[in-house]
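Residue numbers (this note's numbering): 113 to 383. Using N, Cα and C, we set each Cβ at its ideal position, and we do this for glycine too. Some notes on the structure that comes next.
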């Protein structure tokens, strides 16, 4: 299934969808910031990337679910061929499966309250869930250094770019948004909307680049076609009789090489 996907077409369509969602969301949010009674306010719940349970949330979750399915497909193939990195692919599929669920129910945001008990929720720690995520990301990256080096150069580079975009959005821009929210004392400001929109767009673009890397890898490594080789049919051997010396000659020629048979047939025609 993975090998029939056109990676370049896929990345073009998905990138266009991400940019469109981000642009529409940003435009609506800026219009509402300029005038709270703007007609755009009625569309925010449906189309804003900064809100939950709407079209962008569904798209983002579907994107990460697709990434999880793609990696699971590569992982299944890797186990069949006993590939060295088969368990790395399997764990990576599980990670993206978790991320797809997190996109829908925002599990990471529930950690804000717990972190707030340890670190004062101000500045970049206003939304402090990333303090728990950052060490896990570093450990994960360290565990996958050899895996990335073992991949074809271009694929490994694409995965590094994908991870940088995703983590840069999820943690980097989250820190920026936390600082802006605390500094301005509100979530209704142009800088905060810009930061949170960039956060969601970077995350989605990271998954798009990752999908491109995985499908490109699948197209280059999983396109082996097994051609069944039919067993050679044995020529019937007929016992020679008194009247048919030719039959005996044909029976004797059954065990000879193909060229010898052709030679006999040729001489027979000549006669």
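Query raised in the report: Grouping DSSP H, G and I as helix and E and B as strand, with all else coil, what is residue 294?
Result: Residue numbering aside, residue 294 sits at position 182 when the chain shown is read from its first letter. Helix at residue 294.
Query - Span separating the alpha-carbon of residue 324 from that of residue 218 - result: Reading the chain shown from its first residue, position 212 is the one you call residue 324. Reading the chain shown from its first residue, position 106 is the one you call residue 218. So the alpha carbons of these two residues sit roughly 25 Å apart.
Report task. Classify residue 252 as helix, strand or coil using the three-state DSSP reduction. Result -> Residue numbering aside, residue 252 sits at position 140 when the chain shown is read from its first letter. It is helical.
Requested in this report: Mind reading off the beta-carbon distance from residue 140 to residue 155? Whole number of angstroms is fine, and I expect it under 8 Å.
Outcome: Counted from its first residue, the chain shown places residue 140 at position 28. Counted from its first residue, the chain shown places residue 155 at position 43. At roughly 6 Å, the Cβ-Cβ gap stays under 8 Å, so residue 140 and residue 155 are in contact.
**Report entry** Sequence ranges, alpha helix (DSSP H) only - wholly within the segment 144 to 172, length at least 4
**Finding:** 153 to 159
Query raised in the report: Among the residues of its own chain, which have a CB less than 6 Å from the CB of residue 314, if the five just before and after it don't count?
Result: Sequence index remark: in the chain shown, residue 314 carries index 202 (1-based). For residue 314, where only same-chain residues beyond five positions count, the Cβ hits under 6 Å are 277, 280 and 281.
Requested in this report: In angstroms with no decimal places, state the Cα-to-Cα distance between residue 311 and residue 246.
Outcome: Position 199 of the chain shown, counted from the first residue, corresponds to residue 311. Position 134 of the chain shown, counted from the first residue, corresponds to residue 246. So the alpha carbons of these two residues sit roughly 16 Å apart.
Query raised in the report: Between 169, 183, 307 and 273, which lies nearest to residue 330 when the distance is taken from Cα to Cα?
Result: Reading the chain shown from its first residue, position 218 is the one you call residue 330. Ranking the options by Cα distance to residue 330, first place goes to 183.
Query raised in the report: According to the Cβ coordinates, are residue 179 and residue 319 closer than 8 Å?
Result: Within the chain shown, the letter at position 67 stands for residue 179. Within the chain shown, the letter at position 207 stands for residue 319. Yes, the Cβ-Cβ distance between residue 179 and residue 319 is below 8 Å.
**Report entry** Residue nearest to residue 233 in terms of C-alpha spacing, selected from 210, 265, 294 and 333
**Finding:** Indexing the chain shown from 1 puts residue 233 at position 121. Considering only alpha carbons, the answer is 294.
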